[in-house]
Amino acid sequence: MSSGLRIRTKTARVLLAGAAVPLVVVAASVLAQRLMLPFAVLSLQNRTHAVAALLAAAALGFVRTRAADVVARRLRLNLLDLFLAPFVSGPAPSLPAGEAVTARLAADLPRLVTWANDGVALVLAAALAIPAVVVLLASALGVRVLLPIAIAGVVGAATTTLASRHVSAAWTAAVDRLRALFISVGAGYEGAVDLRAHGRAGSYAARLREQMSTWSVYEGRARVATTVSTWGSFAVTLATAAAIIALSSGTFEPGVDPYRLSLLVLAAVPTLHTLVSGISNLLAARSTLASTARQLALAEAATLVESDAPIDSAGEIRLERIGYSYPRGEDGSAPVAALDGLDLALPARGSVAITGPNGAGKTTLAHVLLGVVRPDRGRILVADREATLDNRRFRSRIAYLSQRPFQVAEGTIADNLRAFDPELPDGRLLEALVVVGLRDSLGARAKSDADLLALPYRALSRGQSRRVMLARALLRDTDLLVLDEPEAHLDAASTTELAAILKRIASARRVVAVVHDRELLGFADQVVELTPPAKPGS
Ligand SMILES: Nc1ncnc2c1ncn2[C@@H]1O[C@H](COP(=O)(O)OP(=O)(O)OP(=O)(O)O)[C@@H](O)[C@H]1O
Ligand SMILES: [Mg+2]
């Protein structure tokens with residue numbers, strides 16, 4: 004088997020895992036439907052049989068729809084799993100942007116469902132239906148009747164294959180437009196105020212409308228291409244069969260009624276058509292399947308297993324000659340060296356401030372301490388024992404305030420405070436809000452403490468939402484608190500307050516804080532100044 008075919012087969016198997024039975028039911032109901040038609044023609048003399056066969060064919064339509072629904076559900080979960088594997092246990096820094104993943108899922112899910120239910124299942128059905136129809140016809144009318152059908156089938160399949168490249172390219176172009184549209188809508192909403200302030204919201208909306216029309220045009224073209232290809236090859240199949248019957252009339256078994264013969268060939272052609280449209284749906288999903296195969300490779304590479312080794316999370320942490328480069332991007336962009344030969348000692352008691360210019364590697368260093376980034380070079384010692392920080396026990400003893408925190412944008416203040424610990428009681432949340440000064444400043448907006456916690460997070464200012472995130476980090480009872488620019492978006496008075504808060508916390512536990520504001524350095528026993536790694540060769 005060629006490696007391309009092997010990868011496609013493997014991807015198909017992964018996508019259809021757990022969907023084999025419903026898929027076979029889809030195929031079986033198509034198969035039965037296809038057999039009912041020639042059977043009805045063959046039993047024209049017995050009207051009851053013929054009518055029963057046609058009614059059964061209609062009823063099978065329902066069975067097919069239900070089974071196809073089950074296939075769709077299973078396949079959607081399987082595809083989602085391929086995206087979740089790198090999310091849960093892949094290298095977090097190289098995950099693509101959220102909108103790009105959303106757009107891909109939105110575009111790929113329906114296409115892959117069509118691939119399964121109208122591609123794989125139809126081909127499966129046809130593979131069984133064709134021999135069955137052959138036997139049916141041959142036994143009723145003799146072997147020679149198969150010749151026009153066989154030739155028609157070959158001609159139909161060849162026409163579909165020839166057209167498939169065009170159909171596939173048309174669908175790829177349409178899906179690309181759809182993705183671009185989704186990404187633009189997301190970016191527009193995200194930056195709506197900015198666009199409005201610059202008087203660009205109207206023109207941006209016009210651009211979205213244009214993108215929507217472009218997508219519609221491309222999708223329309225793809226549909227036309229599919230229809231022309233499918234029905235075109237159907238017509239070619241039919242015409243070939245008709246032509247051969249006309250040319251060879253008289254060569255069939257004596258006594259064969261040409262009218263009945265034509266009717267039977269017509270009844271058999273939908274079976275061929277099943278094969279032809281199944282193949283065309285398989286071919287049309289080629290590019291989606293190829294990108295799913297790449298996603299499968301990413302999912303399989305996502306093998307970071309969180310360690311469960313005992314670790315003294317309150318002990319000294321020493322980073323020795325640590326180096327880390329962000330890997331090459333999927334777009335081919337070069338790897339970026341973020342840390343190079345970094346030494347850092349975090350004593351069991353004592354806090355550290357990390358400063359340095361933008362791009363110096365401060366956030367990357369924080370990610371190394373959190374075990375989210377595994378250094379490519381150097382070693383980490385915890386309480387004098389070599390360790391990886393990607394460790395479940397270590398994680399349960401650390402709290403983190405990210406530069407880009409996880410937010411429940413449409414939730415309440417309480418939803419955001421409880422994001423990492425859903426069990427926290429209201430009392431604890433309120434205490435944390437007091438510490439970050441929000442209970443006083445937001446108190447006027449809420450009649451009670453419960454109202455305060457129920458305030459919508461979206462309705463907070465940037466500085467206020469930053470304080471909610473800080474409160475969330477402080478809520479965790481931990482040995483190590485890692486803060487990445489806690490002063491971001493805070494006013495001068497709040498920064499002064501934060502300096503006092505940091506000092507108080509640092510007297511009880513270890514704090515590592517990335518700070519730009521020198522006013523905050525007071526909490527630290529040690530200040531580490533990072534500089535960006537030198538360019539290779541300089
Ligand atoms: N996901 C990523 N992929 C590739 N390069 C990255 C990625 N994240 C950061 N970098 C690069 O790594 C270097 C260090 O980035 P980092 O975010 O650690 O800097 P920083 O010191 O925290 O900067 P800032 O003060 O702006 O927050 C930068 O040159 C940055 O461009
Ligand atoms: Mg940073």
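4 is the number of the first residue of the sequence shown in the numbering used here; add one for each residue after it. Backbone N, C-alpha and C fix where the C-beta goes; we use that ideal spot for every residue, glycine too.
query                                                                                                                                                                        : result
Hey, quick one: how far does the alpha helix (DSSP H) through V91 stretch, first residue to last?                                                                            : 50–92
Which residue marks the beginning of the beta strand (DSSP E) containing T557, and which one marks its end?                                                                  : A question about residue 557 goes unanswered here, because the residues of the chain that appear run from 4 up to 541.
What are the complete beta strand (DSSP E) segments, minimum 3 residues, inside the region 211–247?                                                                          : none
What's the C-alpha gap between H52 and L267?                                                                                                                                 : 16 Å
With a threshold of 7 Å on Cβ separation, who are the neighbours of Q448 within its own chain once the five nearest residues in sequence on each side are excluded?          : Per the sequence presented here, residue 448 reads as Arg, with Gln not at that position. Within the same chain, R448 has close Cβ partners L458.
Can you give me the C-alpha to C-alpha distance between D528 and Y329, rounded to a whole angstrom?                                                                          : 30 Å
In terms of residue numbering, what span does the alpha helix (DSSP H) encompassing T543 cover?                                                                              : The chain is shown from 4 up to 541; residue 543 falls before or after that span and cannot be answered.
For S444 and G466, I'd like the C-alpha separation in whole angstroms.                                                                                                       : 12 Å
Report all residues for which the CB-ligand distance to some heavy atom of ligand 2 is below 7 Å; order them along the chain.                                                : K365, T366, Q406, D487, E488, V517
Using beta-carbon positions only, say whether V279 and T163 come within less than 8 Å of one another.                                                                        : yes
Rounded to a whole number of angstroms, what is the C-alpha to C-alpha distance between V24 and V339?                                                                        : 48 Å
Taking all protein chains shown into account, do 16 or more other C-beta atoms lie within 10 angstroms of the C-beta of K538, making it buried, or fewer, making it exposed? : exposed
Residues bridged to Q529 by DSSP?                                                                                                                                            : V355
Do V339 and ligand 1 come close, with the Cβ less than 7 Å from some heavy atom?                                                                                             : yes
Quick check on DSSP: helix, strand or coil for N284?                                                                                                                         : helix
From the DSSP secondary-structure annotation, give me the bridge partner or partners of Y550.                                                                                : Outside the displayed range of the chain (4 to 541) lies residue 550, so it cannot be described from this structure.
Does the separation of the CB atoms of T366 and V517 fall below 8 Å?                                                                                                         : yes
May I ask you to verify whether the region 111–126 touches the region 285–305, counting CB pairs closer than 8 Å and requiring at least 3?                                   : yes
Cα-Cα, which of S6, S354, F86 is closest to L295?                                                                                                                            : Rather than Leu, the amino acid found at residue 295 in this sequence is Thr. With distances taken between Cα atoms, T295 lies closest to F86.
Could you check if A571 belongs to the surroundings of ligand 1, using beta carbon to heavy atom distance under 7 Å?                                                         : The requested residue 571 is not part of the displayed model; the chain covers only 4 to 541.
So, with DSSP's three-state summary, where would you put R180?                                                                                                               : helix
Considering G101, what are the terminal residues of the alpha helix (DSSP H) in which it resides?                                                                            : 101–117
Please state the DSSP three-state secondary structure of A447.                                                                                                               : coil
Could you give the DSSP three-state label for E389: helix, strand or coil?                                                                                                   : strand
Check whether the Cβ of N284 lies closer than 7 Å to any heavy atom of ligand 4, and answer yes or no.                                                                       : Ligand 4 is not among the ligands present in this structure, which contains only ligand 1 and ligand 2.
Which class does P459 belong to by DSSP, given the choice of helix, strand or coil?                                                                                          : strand
Between which two residues does the beta strand (DSSP E) holding I320 run?                                                                                                   : 320–329
From A351 to S316, what does the alpha carbon distance come to, in whole angstroms?                                                                                          : 9 Å
Where does P360 land, buried or exposed, given buried means 16+ other C-beta within 10 angstroms?                                                                            : exposed
Considering only heavy atoms of ligand 1, does any lie closer than 7 Å to the CB of Y403?                                                                                    : no
Count the other CB atoms within 10 Å of the CB of F237; is the residue buried (16 or more) or exposed (fewer)?                                                               : buried
Do you know how far the Cα of A71 is from the Cα of A272?                                                                                                                    : Residue identity differs from the one stated: residue 272 is Val in this sequence, not Ala. Cα-Cα distance, rounded: 24 Å.
Can you grab the Cα-Cα spacing for the pair Y3 / V438, in whole Å?                                                                                                           : No answer is possible for residue 3: it lies beyond the span of the chain, which begins at 4 and ends at 541.
Figure out for me which residue from E323, A417, G332 has the closest Cα to the Cα of L384.                                                                                  : E323
Can you tell me which residues form a DSSP beta bridge with I383?                                                                                                            : L322
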